[in-house]
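As you go down the protein sequences, you meet chains A and B in turn.
Per my numbering, residue 6 is the first one in the first sequence, and the count goes up by one each step.
Per my numbering, residue 6 is the first one in the second sequence, and the count goes up by one each step.
C-beta: ideal position from N, C-alpha, C; glycine also.
Report on one structure; see the data block that follows.
2 protein chains.
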Amino acid sequence: MRLSTRSHYGLKAMFDLAQNYGSGPIPLKTVAERQNLSDHYLEQLIAMLRKAGLVKSVRGAQGGYVLAREPSAINVGDIIRALEGPIAPVYCVSEKDPGSCDEADYCITRTVWARVRDGFTAVCDSISLADMCREAKESHKR
Amino acid sequence: MRLSTRSHYGLKAMFDLAQNYGSGPIPLKTVAERQNLSDHYLEQLIAMLRKAGLVKSVRGAQGGYVLAREPSAINVGDIIRALEGPIAPVYCVSEKDPGSCDEADYCITRTVWARVRDGFTAVCDSISLADMCREAKESHKR
DNA sequence: GGATATCATAGCATAACACTCGGGTATTGT
DNA sequence: ACAATACCCGAGTGTTATGCTATGATATCC
């Protein structure tokens, strides 16, 4: 099981924006430098996040990106879905468009994959950016 | 999030062997036909399962494959690991060889991926082939 | 010894991934 | 006005994984 680096980088970037939430728009270059990512590549990723309605952009000088909602209202699952598409361990149990499998009715393996998917999404949807910020604060104390 | 078809096909094949557990070795061609898979490709997959110690082979005429252990002692996680390698949403939290990330100590996103991984493995390791056989029997009643 | 199987390796077309590059457009401050 | 800043967009590219197919060798049973 593997996610692409899109999720990896995307979560880093979103976490960065969450930690700076309230300080106005943050230029992408700043995020890329802080998180040690290629800024050109990150641009493509943030475009996906913008189209998914997770971030808002402010163009021009002193512009940048801001979270579209409060950190507590954005969770890891949102980010993964925006960057990797609907969550599906195998195509026939895709979140979106269940996939047309003629064995769907009686296929036992299918129900297994559905449970695997649900276990995965349960975790992803239970962790918000706000949770991560809180955790970061606590780990910094020590 | 996506698994390759290896897991998809592999689970189907292993489930087939589980349902025929106790009837001696099953030739791969039979499994492939029943599960509607390319037998040549399945051969490669079962080789991986054999090397992982999940199935035993009997060569020659009247030969075939048998589960190496009882269906209750083989779970979905075993099969996925055999076919896809160690489970890791992102490289830095791989089950095997955690990956050398210099940010590992303080990286918050890393702890998130670890939780995602654990949620995933918890489900996979909780479903055995025996469970699937039982489920199949019950759904057949109806 | 022939039929039936597993075993092993190589090859190959397609697609996804992880970028880079080169521009264009909007906004701000001077 | 104009330059600097920063978002926006599409095309191109090397690498890797995927999902096969094909060919042949080896072992075992009857």
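Could you check which residue in the options has the C-alpha nearest to that of residue i?
i               : options                         : result
C112 of chain B : A:N80, A:R39, A:A93 and A:S28   : A:R39
K142 of chain A : A:M6, A:A23, A:A18 and A:H13    : A:A23
G29 of chain A  : A:A73, A:A87, A:G58 and A:A57   : A:A73
T35 of chain B  : B:M137, B:V71, B:R120 and B:T10 : B:V71
V117 of chain B : A:P32, A:K17 and A:R11          : A:K17
L88 of chain B  : B:K61, B:E100, B:A127 and B:I51 : B:I51
T114 of chain A : A:T126, A:A127, A:S62 and A:Y96 : A:Y96
D130 of chain B : B:S99, B:G82 and B:R120         : B:G82
D123 of chain B : B:L134, B:D102 and B:I92        : B:I92
R11 of chain A  : A:I31, A:D44 and A:Y26          : A:D44
Q67 of chain A  : A:D107, A:I31, A:S9 and A:M6    : A:I31
R64 of chain B  : B:D21, B:Q49, B:L33 and B:L42   : B:L33
E100 of chain B : B:A127, B:E108 and B:I79        : B:A127
C106 of chain A : B:D136, B:G58 and B:H13         : B:H13
A78 of chain B  : B:D102, B:C138 and B:F125       : B:C138
T58 of chain B  : B:D102, B:I132 and B:E75        : As written in the sequence, residue 58 of chain B is Gly, which differs from the Thr given in the question. Of B:D102, B:I132 and B:E75, the residue nearest in Cα terms is B:E75.
M6 of chain A   : B:F125, B:D136 and B:L134       : B:F125
G69 of chain A  : A:R120, A:L47, A:R86 and A:G90  : A:L47
H145 of chain A : B:L134, B:Y26 and B:D110        : B:D110
M19 of chain A  : A:S9, A:L42 and A:V60           : A:V60
For the alpha helix (DSSP H) that contains residue i, what are its first and last residues?
i               : result
R128 of chain A : The amino acid occupying residue 128 of chain A in the given sequence is Val; Arg does not appear at that position. Where V128 of chain A is concerned, the enclosing alpha helix (DSSP H) stretches over I113 to C129.
K34 of chain B  : L33 to Q40
S12 of chain B  : T10 to Q24
D44 of chain A  : D44 to K56
What are the partner residues of residue i, as DSSP defines its beta bridges?
i               : result
K61 of chain B  : B:V71
N80 of chain B  : B:S133
R147 of chain B : Bridge partners of R147 of chain B: none, in fact.
R139 of chain B : Beta-bridge pairing links R139 of chain B to no other residue.
R7 of chain B   : A:R7
Using a beta-carbon distance cut-off of less than 8 angstroms, what residues from the stretch 6-19 of chain B approach chain A? M6, R7, L8, T10, S12, H13, L16 and K17
Compile a chain-ordered list of the residues in the stretch 120-132 of chain A whose CB is closer than 7 angstroms to at least one CB of chain B. R120, V121, G124, F125, A127, V128, C129 and I132
Using a Cβ-Cβ cut-off of less than 8 angstroms, list which residues of the stretch 63-94 of chain B approach chain A; keep chain order. Per Cβ criterion, the list reads V81, I85, E89, I92, A93 and P94.
Positions along the stretch 133-145 of chain A whose CB lies within less than 9 angstroms of some CB in chain B: D136, M137, C138, E140, A141, S144 and H145
Of the residues that make up the stretch 96-112 of chain A, which ones have a beta carbon closer than 9 angstroms to any beta carbon in chain B? Y96, C97, E108, Y111 and C112
Selection of the stretch 32-55 of chain A by Cβ proximity to chain B, strictly under 7 angstroms: none
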